[in-house]
Amino acid sequence: MTSFIRKTFRLGIPMLLASGTILAACSSNSSGSSGNSGNSGTSSGNSQKPAKSYSGPNDIISEASPTLKNTMWILAGTARAKTLVQMNLASGSLSSPVPASSDAVSIAETTQNILAVGTSTGTAGAVSLYQITSGKPVLITTAAVSAPVVEVVPSADGSLFFVLTARPGVAAVQELSTASGKLVGGSIGVSSDVISIVPTSDGNDLFTLEPNGLVSELPVSGAGAVAKFNVGADAKLLALSQDSQTLYALKCPPGSCNVSIVNVVGQQVEKVIPAPLDTVQIQISPDDSLVWDAVGNGLYGNVQAFSL
9 MTSFIRKTFR
19 LGIPMLLASG
29 TILAACSSNS
39 SGSSGNSGNS
49 GTSSGNSQKP
59 AKSYSGPNDI
69 ISEASPTLKN
79 TMWILAGTAR
89 AKTLVQMNLA
99 SGSLSSPVPA
109 SSDAVSIAET
119 TQNILAVGTS
129 TGTAGAVSLY
139 QITSGKPVLI
149 TTAAVSAPVV
159 EVVPSADGSL
169 FFVLTARPGV
179 AAVQELSTAS
189 GKLVGGSIGV
199 SSDVISIVPT
209 SDGNDLFTLE
219 PNGLVSELPV
229 SGAGAVAKFN
239 VGADAKLLAL
249 SQDSQTLYAL
259 KCPPGSCNVS
269 IVNVVGQQVE
279 KVIPAPLDTV
289 QIQISPDDSL
299 VWDAVGNGLY
309 GNVQAFSL
């Protein structure tokens, strides 16, 4: 198998570039009764204005990838009640909220409009698959997984969801078929500290992320890591460009958030752009031109797009 990282060019751990924070201002042209505006901090350092900013529900937990139809699903809520809403990324308008499991922790959508909702009870996990029909999720099936769900991400071709699960001291990735709604293959062992994953466009490898910023490239076949490099401490989540050549790492040190833009081949942080305080997830637009930041806490929620 060929790694997406060129083996002969190893730079070691790159220096983390300077970071900054920005205003989490919400656009006034968004709509929907669940939208709320608010600021999450002040602008400093490498401030960058968002290309788009829309109000969203409070307590955003997760966002799915933007679709070619320019929509995005959002999971929001508290431990007592959670909902799914679909945002129109052209206008910021929100669909009517759809009830979700109070145990939901992560969502993802394939290019075939299959929505996955991963749940964690603290001791067990499952993934529910929904077909999006006329803008509404219709339940297809629910599959139990080996442990509480941490994150669900789709394969590029939409045939699978990769499900990161974890319990104390143990983490693994399982593959869920969108066609059968069942787990396929065996578990892929990962470090117990892994908090985020993203598959390469060919589906052969996974990038995994640990809080200390360590990124590992692992073959889905289960062999050992083919590459390791660091993107900076206080890491939270990964995203990947369509060609798998650029990795995006959300990091939130105390009092700020930022996104490291990493050249996968060179294993080098090429740029760091600020992200709003309280950013909980990032997604890359289908044309790789924007990074969409989901921002929120108990007082407000919004979705912002920044040019790449």
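Numbering (the numbering used here), first residue to last: 9 to 316. Beta carbons are placed, not taken as given, at the ideal position from N, Cα and C, and that holds for glycine.
Residue nearest to residue i in terms of C-alpha spacing, selected from the options
{"i": "PRO176", "options": "ASN238, LEU184, VAL158", "result": "VAL158"}
{"i": "ASN305", "options": "ASP295, PHE314, PRO284", "result": "PRO284"}
{"i": "GLY64", "options": "ALA302, PHE314, ALA132, LEU316", "result": "ALA302"}
{"i": "TRP81", "options": "ASP251, ILE290, PRO282", "result": "ILE290"}
{"i": "SER264", "options": "ALA98, ALA151, LYS90, VAL280", "result": "VAL280"}
{"i": "LEU246", "options": "LEU258, TYR138, VAL288", "result": "LEU258"}
{"i": "SER142", "options": "THR79, VAL223, ALA72, SER315", "result": "THR79"}
{"i": "SER200", "options": "SER224, PRO107, GLY189", "result": "SER224"}
{"i": "GLY126", "options": "GLU71, SER209, LEU97, LYS144", "result": "GLU71"}
{"i": "TYR138", "options": "GLY130, ASP213, ILE122, LEU217", "result": "ILE122"}
{"i": "ALA108", "options": "ALA241, ARG88, SER99", "result": "ARG88"}
{"i": "LEU172", "options": "ILE148, SER188, PRO207", "result": "PRO207"}
{"i": "ALA124", "options": "SER195, ILE292, LYS190, ALA98", "result": "LYS190"}
{"i": "GLN275", "options": "TYR308, VAL234, ASN310, ILE292", "result": "VAL234"}
Same chain, Cβ closer than 6 Å to residue i, neighbours up to 5 away in sequence not counted
{"i": "GLY211", "result": "SER163"}
{"i": "VAL270", "result": "VAL239, LEU255, VAL277"}
{"i": "LYS60", "result": "ALA313"}
{"i": "LEU76", "result": "PRO294"}
{"i": "ALA243", "result": "LEU217, PRO219, GLY221, ALA257, LYS259"}
{"i": "THR149", "result": "LEU137, GLY189"}
Where residue i sits in the DSSP three-state scheme
{"i": "ALA155", "result": "coil"}
{"i": "GLN289", "result": "strand"}
{"i": "GLY133", "result": "strand"}
{"i": "ASN96", "result": "strand"}
{"i": "VAL273", "result": "coil"}
{"i": "ASN305", "result": "coil"}
{"i": "LYS57", "result": "coil"}
{"i": "THR91", "result": "strand"}
{"i": "ASP213", "result": "strand"}
{"i": "PRO227", "result": "strand"}
{"i": "SER110", "result": "coil"}
{"i": "LEU76", "result": "coil"}
{"i": "ILE203", "result": "coil"}
{"i": "LEU283", "result": "Residue identity differs from the one stated: residue 283 is Ala in this sequence, not Leu. If DSSP states are grouped into helix, strand and coil, ALA283 belongs with the strands."}
{"i": "LYS144", "result": "strand"}
{"i": "ASN234", "result": "It should be noted that the sequence gives Val, not Asn, for residue 234. It is coil, neither helix nor strand."}
{"i": "PRO162", "result": "strand"}
{"i": "CYS265", "result": "strand"}
{"i": "ALA241", "result": "coil"}
{"i": "LYS190", "result": "coil"}
{"i": "GLU278", "result": "strand"}
{"i": "LEU246", "result": "strand"}
Supposed contact pair residue j and residue i - C-beta distance, whole angstroms, cut 8 Å
{"i": "VAL113", "j": "SER136", "result": "12 Å between Cβ atoms; not a contact."}
{"i": "VAL299", "j": "SER268", "result": "Not really, about 11 Å apart at Cβ, beyond 8 Å."}
{"i": "ALA180", "j": "GLY197", "result": "6 Å"}
{"i": "ALA116", "j": "VAL146", "result": "Not a contact, Cβ separation roughly 17 Å."}
{"i": "PRO74", "j": "PRO294", "result": "6 Å"}
{"i": "GLN253", "j": "VAL273", "result": "7 Å"}
{"i": "PRO227", "j": "ILE203", "result": "20 Å between Cβ atoms; not a contact."}
{"i": "ILE205", "j": "PHE170", "result": "6 Å"}
{"i": "ALA174", "j": "ALA152", "result": "Actually they do not touch by this definition, with Cβ atoms about 15 Å apart."}
{"i": "THR287", "j": "CYS260", "result": "7 Å"}
{"i": "GLY85", "j": "ASP67", "result": "6 Å"}
Cβ shell of residue i (< 8 Å), same chain only, five flanking positions each side left out
{"i": "VAL192", "result": "LEU168, GLU183, LEU184, SER185"}
{"i": "PRO105", "result": "SER42, PRO65, THR91, LEU92, VAL93"}
{"i": "GLY232", "result": "LEU226"}
{"i": "ALA132", "result": "ALA152, ALA155, PRO156"}
Any non-hydrogen atom of the ligand MG closer than 8 Å to residue i Cβ
{"i": "SER61", "result": "Among the components of this structure there are no ligands whatsoever, and the ligand MG is therefore not found."}
Close-in-space but distant-in-sequence residues of the same chain around residue i (CB under 7 Å, 5 per side omitted)
{"i": "LEU316", "result": "ASP296, SER297, LEU298, VAL299"}
{"i": "SER209", "result": "ALA164, GLN250, ASP251, SER252"}
{"i": "SER154", "result": "THR173, ALA180, GLN182, SER195"}
{"i": "LEU97", "result": "PRO74, ASN78, THR79, MET80"}
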